[in-house]
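What follows is a short report on a single structure.
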Amino acid sequence: MKNKIFGSRAVQAFLVIFVSFATLFAAVGYAGEGRSVRLEYKFVVDALPASAAKVRVWVPLPSALPAQEIKGLKVNAPAPYTIRQEGVWGNSIIYFELDGDKARSAPVEFSMAFTVKRQEIKGLGKKAGGFTAIKEGLVKYLRPSRMGPHSDLVKRLAREAAPAETDAEDKARHIYDFVLKNMDYNKKKPGWGRGDVSRVCLAIAGGEKGSGNCTDFHSFFAALLQTQQIPALFEMGYPLKPGSGGSVGGYHCWASFYTEDHGWVPVDISEADKAPELADYYFGSIDENRVTFSRGRDIVLTPRQDGEPINYFGPDPYIEVDGKPFKGFKRTITYKDIK
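Mapping of the sequence shown onto UniProt numbering: residues 1 to 339, in sequence order.
Shown next, in the form of C-alpha cells:
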C-alpha cells in the first residue's frame, strides 16, 4: 500500500509523504523567528474489559505544514506500528493493534516525542502559487459535516450576517464579526464542545447567544461560510502557553477559509472572544503558540475504523476495543522550549 510505512522506516519517511499536503496549503506570510519546542506525548490505556479480544489504536501525528516544521520523531509503541496517511484530509496516523490477552497483561503505554517549530501567520498574504491547478480539491471544503449541516436556518443566518457583500473576504469578515457578536465562550449549557451547529443556530434564532468552546465557534463559522460558497477548513491542535514550557490538558482548534486573492486565511474566533482587543488580529493571523494535530471533520481513519467517521481527530488517540470506541485512557502532553 502506498500509504503504509512500517517501523523505523516510518519515522524516517513520515515527513516526505506530507510534502504535497504542505505545498497545497502554502499561502499567507509568516512573521518573526517562530517558536520551537520539544514535545512529549504519552497515553496509558487501562481498565480494559475482561472480554476484550482485540484493541486497535490510531494516534494523531502532527504534519509538516508551511507554518509547522516537524523533526526528530521518536516513537515507543507497545506493538509494531505503521505510519499512514488518511486519504481525504491528508492527516498522518500512527496505527497499531494488540490482542486482548497482551493488552490486559500490563498497562498499554504509548509515547512519542518530536521537535516542532511553529511560525506566526501574520496578516492576509498573497495567494499560494500552484493552487489554481488543483481547484477541484476545494470541493470537499464546501461540503457540510454531520455536526455542521447546511440547513435553511444556517443559510438564513449566513445571509443576515453578510446580506449585501459579494467579495469572499468581505463576506468572511462579516460572518466572523457575526459569530463574535452572537456567541459567548462558556461551557455552562449542555452540548458544548461537539461543534453542533444546529444547537448554536437554534439558540441565536431564539433570541439567545450561542455558546461553547473553540469547536463550536469554528464549526459555526465554517458552516456559515460554506453556505456562501466559501471553502472552509477546521483545524484541531494543541495550545502552547507563552513562556519556556509547560503542560496543558485539552485541545485548541481554529479555522481557515479560502479566497482567490489570498489562498487560505486563518481565523481564531474563540481567542478573539476571550480578548476582544485582538479581534482584528485573529482575522487573518494566528500566533505561533499552537501545534496542528489534524484537519477536517467526519474523519475516516486509515486503516478504516469499525465505528462511524469521527467528529474530529486529536490530540487524543482514537481507540477501539472489539470494534467499539473506547475512552479508557489518560493522555498527557508536556513540552519545553528550545533554541
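Cβ coordinates follow ideal geometry from the N, Cα and C atoms, glycine included. The structure displayed is predicted, hence computed values, not measured ones.
Would you identify the three-state DSSP class for residue i, choosing helix, strand or coil?
i           : result
residue 202 : helix
residue 330 : strand
residue 23  : Confidence is the limiting factor: at residue 23 the pLDDT is only 39, short of 50, which leaves the residue's position unreliable, though a coordinate-based value still follows. Of the three classes helix, strand and coil, the one that applies to residue 23 here is helix, per DSSP.
residue 105 : helix
residue 178 : helix
residue 141 : helix
residue 47  : coil
residue 170 : helix
residue 154 : helix
residue 273 : helix
residue 161 : helix
residue 148 : coil
residue 100 : helix
residue 133 : Unreliable placement is indicated for residue 133, whose pLDDT of 33 sits below 50; the coordinate value is still reported in the next sentence. Reduced to three states, the DSSP call for residue 133 is helix.
DSSP puts residue i in a beta bridge; with which residues?
i           : result
residue 236 : 253 and 294
residue 301 : DSSP output for residue 301 lists no bridge partner at all.
residue 184 : 211
residue 286 : 121
residue 90  : Residue 90 pairs with nothing; no bridge assigned.
residue 65  : 68
Could you tell me if residue i is buried or exposed, where buried requires 16 or more neighbouring beta carbons within 10 angstroms of its beta carbon?
i           : result
residue 76  : exposed
residue 171 : buried
residue 319 : buried
residue 90  : buried
residue 229 : exposed
residue 131 : Below a pLDDT of 50, predicted positions are generally treated as unreliable, and residue 131, at 36, falls in that range; the measurement from the model is reported next regardless. Residue 131 should be labelled buried.
residue 196 : buried
residue 213 : buried
residue 168 : buried
residue 134 : Unreliable positioning characterises residue 134 in this predicted model, as indicated by a pLDDT of 40, which lies under 50. A coordinate reading is not provided.
residue 53  : exposed
residue 33  : exposed
residue 324 : exposed
residue 51  : exposed
residue 186 : exposed
residue 159 : exposed
What span of residues does the beta strand (DSSP E) with residue i cover, start to end?
i           : result
residue 321 : 318-321
residue 69  : 68-76
residue 230 : Where residue 230 is concerned, there is no enclosing beta strand (DSSP E), given that its DSSP letter is neither H nor E.
residue 192 : Looking at the DSSP string, residue 192 is not in any beta strand (DSSP E), and its letter there is neither H nor E.
residue 245 : 245-247
residue 61  : 54-61
residue 263 : 263-267
Just to confirm, is the Cβ distance from residue i to residue j under 7 Å?
i           : j           : result
residue 119 : residue 292 : no
residue 239 : residue 218 : no
residue 309 : residue 299 : yes
residue 258 : residue 276 : no
residue 216 : residue 200 : yes
residue 61  : residue 36  : no
residue 350 : residue 337 : The displayed coordinates of the chain run from 1 to 339. Any statement about residue 350 would go beyond what the structure contains.
residue 110 : residue 43  : yes
residue 285 : residue 175 : no
residue 179 : residue 220 : yes
residue 124 : residue 262 : yes
residue 207 : residue 290 : no
So the alpha helix (DSSP H) residue i belongs to, where does it begin and stop?
i           : result
residue 215 : 214-227
For chain C, check one thing: does any of its Cβ atoms lie closer than 7 Å to the Cβ of residue i?
i          : result
residue 88 : In the displayed structure, chain C is absent; only one protein chain is listed.
Give a single yes or no on whether residue i has its beta carbon closer than 6 Å to a heavy atom of the ligand ZN.
i          : result
residue 80 : Here there are no bound small molecules, and the ligand ZN is not part of this structure.
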